[in-house]
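Novice: What follows is a structure written as structure tokens; I'll ask about it next.
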Amino acid sequence: MFVDETILKVIAGKGGDGCTSFRHEKYIEMGGPDGGNGGKGADIIFKVDKNLSTLVDLRYNKTIKGDKGVNGKGSNRNGANAEDVIIKVPQGTTIYDMDTNLVIADLTEDGEEFVVCHGGRGGRGNRAFATQQEPAPKMSEYGEPGEYRKIKCELKVMADVGLIGMPSVGKSTLLGAISGAKPKIGAYHFTTLSPNLGVVKVKDGRTFTIADLPGLIEGASEGLGLGHKFLRHAMRTRILAHIIDMGSFEGRNPIEDYKMIKNEYEKFSDKLKNKKEIVIANKSDLPDFENNLKEFKKEFPDTEVISISALTHTGLDELMNYLADALDNLPKTNIYDENEFESFIMYKFNDEKPYTITKEDDIWVIKGAEIEKLFKMTKFNEDESALRFARKLKGMGVEEELERLGAKRGDDVAIEDYMFTFKE
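Taking our numbering as reference, the numbering of the sequence shown is continuous, increasing by one, and the terminal residue is 447.
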């Protein structure tokens, strides 16, 4: 089954908890703190495997979760790190963040890896908090939560040349004739329901990849028929080879077909509009071919046209040499602009507070990634941990901001699902 799009929830592993422990051995006084740190949680890593051609394995695995790091123990024993989760995907897989619709990663090279969600760091044991002023701290941390994302994986087939055109114009026949691919061929529309990929070898030894992409219909740019499925895969190609039934085998008008298909992909994307395009005039073995070709060239005098018959193999050597020469002179380009990547977008400014405070009914609600992470890592059953949490909030200016907004001593303050009382 060919699957080229799927939506997943990915949750990296939580860090292991730090340990609060003191050395207890006979004849050793003041043994001191010996609580170890927790291990790191598992990362969620996507890795390219060139042997894969579909995202079907991910369709049935909607949630991917990493393991928690091992908790620290006494006697200065640190917890082990959790084993990272490796998710294998085909070449040409793009990963989007569903919340921002920005590109997290575009994976195109075999073996390429990207950490989509980072595992949480391990919580520190009480030995890590020991200082000259506080040599025997009675506190430690919970492990940091792992990152969580809802993502979309989208496969855009990697091919040098994309065969485009109306259904039943001979794309699959041509692919089978010039490569080792064995596409399904039939005398009916939409024989090709998923891209077929073949490798073409020219007589002089040069090779390139070519894809037979699903047939287009009018309205494809709005998603009709196989529209977006075709147009998505066309994005990766370096040359659009537009196949026209110049023999009018089904009574079609080659000029109108060409205008319609060109209009659809130009409406879909400026990147497709600007790709190099050639017209392959197919079915030169039919009687109406020459008259149609003459009219076509008159209508589009600046368009490069190569005549072939995929059925009788006429003109195929010329076509393959032309495509190989054109590819030699075309630079490889990225299909995404820099500002489409998440890594390029800056969410924070220097003067922006790392939290927000709002009043809901009679409760002051504090939200912010740093504060929420600190909250989840604090062991409130340990007095020193709770006091450290309060000091951290004060240092971040939370107390001052509450007072500025009008909070009074004794008011309720909420962080996550926990309620505090605002007091000295």
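C-beta atoms are modelled at their ideal positions from N, C-alpha and C, and glycine is treated no differently.
These numbers come from a predicted model, not from an experiment.
#1: What's the C-alpha gap between D133 and N94?
#2: Classify D129 as helix, strand or coil using the three-state DSSP reduction.
#3: Please identify the residue among D129, H265, V388, M343 whose C-alpha is closest to the C-alpha of G228.
#4: Using only alpha-carbon positions, find the residue among L353, S163, V436 that is nearest to G145.
#5: From what residue to what residue does the beta strand (DSSP E) around I329 run?
#6: Distance, Cα to Cα, T381 vs G420?
#7: What would DSSP say about L219, mapped onto helix, strand or coil?
#8: Using DSSP with H/G/I as helix, E/B as strand and the rest coil, what is D107?
#9: What are the start and end residues of each continuous beta strand (DSSP E) run of 3 or more residues lying completely inside the region 304–390, in chain order?
#10: Quick one: using the 10 Å Cβ neighbour count with 16 as the cut-off for buried, is A243 buried or exposed?
#11: Mind checking T356: buried by the 16 CB within 10 Å criterion, or exposed?
#12: Write down the C-beta distance between K446 and G433 rounded to the nearest angstrom, noting that I regard them as a contact closer than 8 Å.
#13: Output the distance between the C-alpha atoms of D311 and F231, rounded to the nearest integer angstrom.
#14: Note down the Cα distance separating P354 from A65, rounded to an integer number of angstroms.
#15: Roughly how many angstroms separate the alpha carbons of R147 and G59, rounded to a whole number?
#16: For the beta strand (DSSP E) containing L198, list its first residue and its last residue.
#17: Give me, in chain order, the residues of the same chain whose beta-carbon lies closer than 6 Å to that of A128; leave out the 5 immediate sequence neighbours on both sides.
#18: For M162, which three-state DSSP category applies?
#19: Under the rule that 16 or more other beta-carbon atoms within 10 Å means buried, what is M189, buried or exposed?
#20: In angstroms with no decimal places, state the Cα-to-Cα distance between I266 and E106.
#21: Quick one: using the 10 Å Cβ neighbour count with 16 as the cut-off for buried, is I109 buried or exposed?
#22: For S195, tell me which candidate among A234, V112, F272 has the shortest Cα-Cα distance.
#23: What span of residues does the beta strand (DSSP E) with D268 cover, start to end?
#24: Once DSSP output is grouped into helix, strand and coil, what is the label at P277?
#25: According to DSSP, what are the bridge partners of V138?
#26: With a CB to CB cut of under 6 Å and the five nearest residues on each side skipped, what residues in its chain are close to Y370?
#27: Rank E289, I301, I331 by C-alpha distance to the C-alpha of P324 and give the top, closest one.
#28: Could you spell out the range, first to last residue, of the beta strand (DSSP E) harbouring G185?
Specialist: In terms of the structure at hand:
#1: Counted from its first residue, the sequence shown places residue 133 at position 110. Counted from its first residue, the sequence shown places residue 94 at position 71. For the pair D133 and N94, the Cα-to-Cα distance works out to about 36 Å.
#2: One-based indexing of the sequence shown puts residue 129 at position 106. Looking at D129 - three-state DSSP - the assignment turns out to be strand.
#3: Residue mapping note: residue 228 aligns to position 205 of the sequence shown, counting from 1. Taking the Cα of G228 as reference, the smallest distance to any Cα among D129, H265, V388, M343 is reached at M343.
#4: Within the sequence shown, the letter at position 122 stands for residue 145. When the alpha-carbon of G145 is set against those of L353, S163, V436, the nearest one is in S163.
#5: In the sequence shown, the residue the question calls residue 329 occupies position 306. Element bounds for I329: 328–330.
#6: Position 358 of the sequence shown, counting from 1, holds the residue named residue 381. Position 397 of the sequence shown, counting from 1, holds the residue named residue 420. Taking the straight line from one Cα to the other gives about 15 Å.
#7: Position 196 of the sequence shown, counted from the start, is the residue given in the question as residue 219. Looking at the sequence shown, residue 219 is not Leu but Asn. It is a strand residue.
#8: As a first step, residue 107 must be located in the sequence shown, where it is residue number 84. D107: coil per DSSP, three-state reduction.
#9: Within the region 304–390, the beta strand (DSSP E) runs of at least 3 residues that lie entirely inside it are, in chain order, 328–330, 379–383, 386–390.
#10: Here residue 243 refers to the residue found at position 220 when the sequence shown is read from its first residue. Note that A243 has pLDDT 40, beneath the 50 cutoff, so the model's placement of it is unreliable and the number below is only indicative. It counts as buried.
#11: Residue 356 sits at position 333 when you count from the first residue of the sequence shown. Counting Cβ neighbours within 10 Å, T356 comes out exposed, since fewer than 16 surround it.
#12: In the sequence shown, residue 446 corresponds to position 423, counting from 1. In the sequence shown, residue 433 corresponds to position 410, counting from 1. With 8 Å as the limit, K446 and G433 qualify as a contact, their Cβ atoms being about 7 Å apart.
#13: Numbered from its first residue, the sequence shown carries residue 311 at position 288. Numbered from its first residue, the sequence shown carries residue 231 at position 208. Taking C-alpha positions only, D311 is separated from F231 by approximately 32 Å.
#14: Along the sequence shown, one-based indexing puts residue 354 at 331. Along the sequence shown, one-based indexing puts residue 65 at 42. Whole-angstrom Cα-Cα distance: 39 Å.
#15: Here residue 147 refers to the residue found at position 124 when the sequence shown is read from its first residue. Here residue 59 refers to the residue found at position 36 when the sequence shown is read from its first residue. One Cα belongs to R147, the other to G59, and the distance between them is close to 7 Å.
#16: In the sequence shown, counting from the first residue as 1, residue 198 sits at position 175. Here L198 belongs to no beta strand (DSSP E); instead the alpha helix (DSSP H) covers 194–201.
#17: Taking the sequence shown and counting its residues from 1, the one referred to as residue 128 is at position 105. So the qualifying residues of the chain are I118, F137.
#18: Here residue 162 refers to the residue found at position 139 when the sequence shown is read from its first residue. When DSSP states are grouped into helix, strand and coil, M162 belongs to the coil group.
#19: Residue numbering aside, residue 189 sits at position 166 when the sequence shown is read from its first letter. When all chains shown are included, M189 counts as buried.
#20: Walking along the sequence shown from the start, residue 266 turns up at place 243. Walking along the sequence shown from the start, residue 106 turns up at place 83. In a straight line, the C-alpha of I266 is about 50 Å away from that of E106.
#21: The sequence position of residue 109 within the sequence shown is 86, counting from 1. Its Cβ having fewer than 16 others within 10 Å, I109 is exposed.
#22: For the purposes of this step, residue 195 is taken as residue 172 along the sequence shown, with counting starting at 1. Of A234, V112, F272, the residue nearest in Cα terms is A234.
#23: Position 245 of the sequence shown holds residue 268. That run of the beta strand (DSSP E) goes 262–268.
#24: Here residue 277 is taken as the residue at index 254 of the sequence shown, counted from 1. Helix, per DSSP.
#25: Counting from one through the sequence shown, the residue named residue 138 turns up at place 115. Answer is I68, bridged to V138.
#26: In the sequence shown, the residue the question calls residue 370 occupies position 347. Only weak support exists for where Y370 lies, its pLDDT of 44 falling under 50; the coordinates are left without a value.
#27: Within the sequence shown, residue 324 is the residue found at index 301, counting from 1. Of the listed residues, the one whose Cα sits closest to P324 is I301.
#28: By 1-based counting over the sequence shown, the position of residue 185 is 162. Its beta strand (DSSP E) spans residues 184–187.
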